[in-house]
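Respectively, the protein sequence lines represent chains G and H.
End of the first sequence sits at 82 in my numbering; the numbers just go up one at a time, nothing left out.
End of the second sequence sits at 1651 in my numbering; the numbers just go up one at a time, nothing left out.
Think of the CB as a built atom: it goes at the ideal place given N, C-alpha and C, for glycine as much as any other residue.
Because the structure is a prediction, the values reported are computed rather than measured.
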Amino acid sequence: SSSDQGTYIVHMAKSQMPSSFDLHSNWYDSSLRSISDSAELLYTYENAIHGFSTRLTQEEADSLMTQPGVISVLPEHRYELH
Amino acid sequence: TTRTPLFLGLDEHTADLFPEAGSYSDVVVGVLDTGVWPESKSYSDEGFGPIPSSWKGGCEAGTNFTASLCNRKLIGARFFARGYESTMGPIDESKESRSPRDDDGHGTHTSSTAAGSVVEGASLLGYASGTARGMAPRARVAVYKVCWLGGCFSSDILAAIDKAIADNVNVLSMSLGGGMSDYYRDGVAIGAFAAMERGILVSCSAGNAGPSSSSLSNVAPWITTVGAGTLDRDFPALAILGNGKNFTGVSLFKGEALPDKLLPFIYAGNASNATNGNLCMTGTLIPEKVKGKIVMCDRGINARVQKGDVVKAAGGVGMILANTAANGEELVADAHLLPATTVGEKAGDIIRHYVTTDPNPTASISILGTVVGVKPSPVVAAFSSRGPNSITPNILKPDLIAPGVNILAAWTGAAGPTGLASDSRRVEFNIISGTSMSCPHVSGLAALLKSVHPEWSPAAIRSALMTTAYKTYKDGKPLLDIATGKPSTPFDHGAGHVSPTTATNPGLIYDLTTEDYLGFLCALNYTSPQIRSVSRRNYTCDPSKSYSVADLNYPSFAVNVDGVGAYKYTRTVTSVGGAGTYSVKVTSETTGVKISVEPAVLNFKEANEKKSYTVTFTVDSSKPSGSNSFGSIEWSDGKHVVGSPVAISWT
């Protein structure tokens, strides 16, 4: 259920994108599809990091970590104004 | 702001130090915060030329915000809410705008502090009146709204930084933080690394968790970390007691004054059945006990202005708010909704004794307005987060301090100056406090330096700001920490208080490249995936090379002693002031550590020449774990003084 999900920031090794993909966003989406039918990309990042953010369960996050090209899958963090 | 330009020496006489092109600058300050109130006069583009051709940003429409609200001053406005909404659910547009519009005020305050246009006749309810301006009034502003009612989420922050880099901002200002985590887990640190690589200076607030030690946020060495100090301005308000004693507090209350007589006075702890009744939390005061009285509340837990609202709702007519040990003598002024004054801990203790022991206590409150020329100033704010750096103890943080107490800047039209729902007042400017306020001061000053020295790297700009910061008052006495009343240390003020006019001509700079920071990550023994998470590259640390955090070319020194012996630090300085012979002067407050510099003289024949030196800290006696000692290393050619703070800690 959605209550079991959290937002994760997924860091990808950009240079490891298979040649079958033209766009990194397609590769990110394909990586996500391999572990979840329903998860969607919240953001794809090009400059600050190489990767994307998405909603996953802990199990899906663990599974995604084993996919080729995935460097890290980090949970969302909440910041506060100072 | 109406006072800090003068306090920082940025008056008309120093305008020629910052010869920005014509009446405007092409430097862009990006601010990640709660958005912007574009109708504020602080975003007037009068006199501004065309938007820089390098600018790739845009102005996004949304709730109560159209693209036409941007102009030649406010050249970018975006919002990032997908991460927030995926966790918190859809934004309630009756409470906040799903757009760059700032319904809170914080983001308008910070961005106008950094780079607001000049606005004459500014004040908050008549307080702090004058001409308001940001630190870089001719720079352009781009806002990235990432903070919402429920907080600021890392996926949104990263998306905003991602876009700000693509948009081509020159400075990024982030007055937010979130605890302490390793750099490879910290979205702000990761995003800041990418920005740094593109030549963008990233300035962040140090946090408001002081005066506790090791309470810093945003400590990555590629971030400029800013603590907070006071101004020479105050807003006095007397607490007058029935026993004839008066105590000076502060207040920004504007409204009908109390009658010219002493009124019944009660301690909130004696007007409540709650165990924490002294804090004036919502619903804890007994109306029958406070009606028609002045109520004394203790600071803590809930917002200061909310305590006044609670007193008012219960029928109280005034409030004396007392600091506790957590805040000491620091006086933060608020635009209370009833006559109120905030007093320091010492006065609070005396007043509390009076109100709880006198059989018929009485009091009054007299609001006195705005005074300037307060001495000593600056003093380090009690709330300003303190070192040592808990993530990397060998990097001294904060980097420096800047004005962050009782700062006037532009405000939203959607909320009153207290931010309380019950506050129906609307003001063009507000006075608030925090390292959130000091951070954009440095962001704006960095923009000024960037306009003077466009070729300088972010590290060079930070170096100039740090090595020219001052550590003493004009009489030579050290800056004070208001939390203790004693001299502050580099763990409190870093390199010292920012001094922009001297920063324009620092003589020498400590520069850093991306490669240097990658070596730093190797020195931390980061794994390859961890380095890749931070730096977005497949970087391999050279196994034949000895990496040391101590050798990161930082303009400060933090030495962690774990036994007697010698600790060596290497630095390289670049002569940006031209030819010159610099001699070193070392000061240290301990004889237990001998500090030697080799060579002791650096001779530069031309501009941009680089010279290295080594500092050896020889520890010949041990101290208890947790002991600290401080000093400084200063290079001078007679014209420039290039100072670096030293902090030695026994582990």
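Three or more beta-carbon pairs separated by less than 8 Å are not found between the region 1223 to 1230 of chain H and the region 1089 to 1107 of chain H, which leaves the two stretches without contact.
Interface flag for Ile1190 (chain H) against chain G is set, since a Cβ pair is found closer than 8 Å. Between the region 1427 to 1438 of chain H and the region 1476 to 1485 of chain H, the count of Cβ pairs shorter than 8 Å is below three; the stretches do not touch.
If you draw a straight line from the Cα of Leu1368 (chain H) to the Cα of Gly1126 (chain H), it is about 12 Å long. Under the criterion of beta carbons closer than 8 Å, Ala1206 (chain H) and Ser1463 (chain H) do not qualify as touching, at roughly 18 Å. The C-beta of Ile49 (chain G) comes closer than 8 Å to at least one C-beta of chain H. Rounded to the nearest angstrom, the Cβ distance from Lys1291 (chain H) to Leu1263 (chain H) is 11 Å, too far for a contact under 8 Å.
Closest in alpha carbon position to Val1379 (chain H), among H:Arg1233, H:Gly1177, H:Phe1557 and H:Lys1073, is H:Arg1233. If you ignore the 5 residues before and after Ser1377 (chain H), its C-beta comes within less than 7 Å of the C-beta of Thr1230, Leu1231 and Asp1232, all in its own chain and listed in chain order. The beta-bridge partner set that DSSP reports for Lys1585 (chain H) consists of H:Glu1634. Taken through DSSP and simplified to helix, strand or coil, Tyr1554 (chain H) comes out as coil.
By the C-beta criterion, the region 1075 to 1085 of chain H is judged to be in contact with the region 1032 to 1047 of chain H, since at least 3 inter-stretch pairs fall below 8 Å. Ile1482 (chain H) is not a Cβ neighbour of Val1576 (chain H), given a cutoff of 8 Å. A check of alpha carbon separations from Pro1555 (chain H) across H:Cys1522, H:Lys1605, H:Pro1624 and H:Val1615 identifies H:Val1615 as the nearest.
In the three-state DSSP reduction, Leu1331 (chain H) falls in the coil class, being neither helix nor strand. In the three-state reduction of the DSSP assignment, Cys1522 (chain H) falls in the helix class. Against Thr1435 (chain H), the close residues of chain G are His82, in the order they occur along the chain (beta-carbon pairs closer than 7 Å).
At a cut-off of 8 Å between beta carbons, Leu74 (chain G) contacts chain H. Judged by pairs of C-beta atoms under 8 Å, the region 1262 to 1279 of chain H does not touch the region 1388 to 1397 of chain H, as fewer than three such pairs exist. Between the region 1203 to 1222 of chain H and the region 1240 to 1250 of chain H there are fewer than three C-beta pairs closer than 8 Å, too few to call the two in contact. When DSSP states are grouped into helix, strand and coil, Arg1233 (chain H) belongs to the strand group. When the five nearest sequence neighbours on each side are left out, the beta carbons in the same chain lying within less than 6 Å of the beta carbon of Val10 (chain G) are those of Gly51, Phe52 and Val73, in order along the chain.
Any Cβ of chain G closer than 8 Å to the Cβ of Cys1297 (chain H) would place that residue at the interface, and such an atom is absent. Taking a beta-carbon distance threshold of 8 Å, Leu64 (chain G) does not count as an interface residue toward chain H. Nearest Cα to Glu1589 (chain H) within the set H:Trp1222, H:Leu1524 and H:Ser1627: H:Ser1627. Taking a C-beta distance under 8 Å as the contact criterion, Ser36 (chain G) and Leu23 (chain G) do not qualify as a contact pair.
Here DSSP, grouped into helix, strand and coil, assigns Arg1138 (chain H) to coil. Taking C-beta separations shorter than 8 Å and ignoring five residues to either side along the sequence, the partners of Tyr28 (chain G) in its chain run Val10, Met12, Leu41, Thr44, Gly51 and Phe52, following chain order. By a beta-carbon distance limit of 8 Å, Ser1533 (chain H) contacts Tyr1184 (chain H). Their separation comes to about 4 Å.
Among the CB atoms of chain H, none fall inside 8 Å of the CB of Ala61 (chain G). Nearest to Met1135 (chain H) by alpha-carbon distance, out of H:Asn1273, H:Val1028, H:Asn1071 and H:Ser1457, is H:Val1028. When the beta-carbon positions are compared, Gly1308 (chain H) and Leu1337 (chain H) come within less than 8 Å of each other.
Among the residues of chain H, those whose CB is under 7 Å from the CB of Ser53 (chain G) are Gly1083 and Ser1155, following chain order. When beta bridges are read from the DSSP output, Gly1227 (chain H) appears opposite H:Ile1401. Judged by DSSP in its simplified three-state form, Gln5 (chain G) adopts strand.
When secondary structure is reduced to three states using DSSP, Lys1145 (chain H) falls in the strand class.
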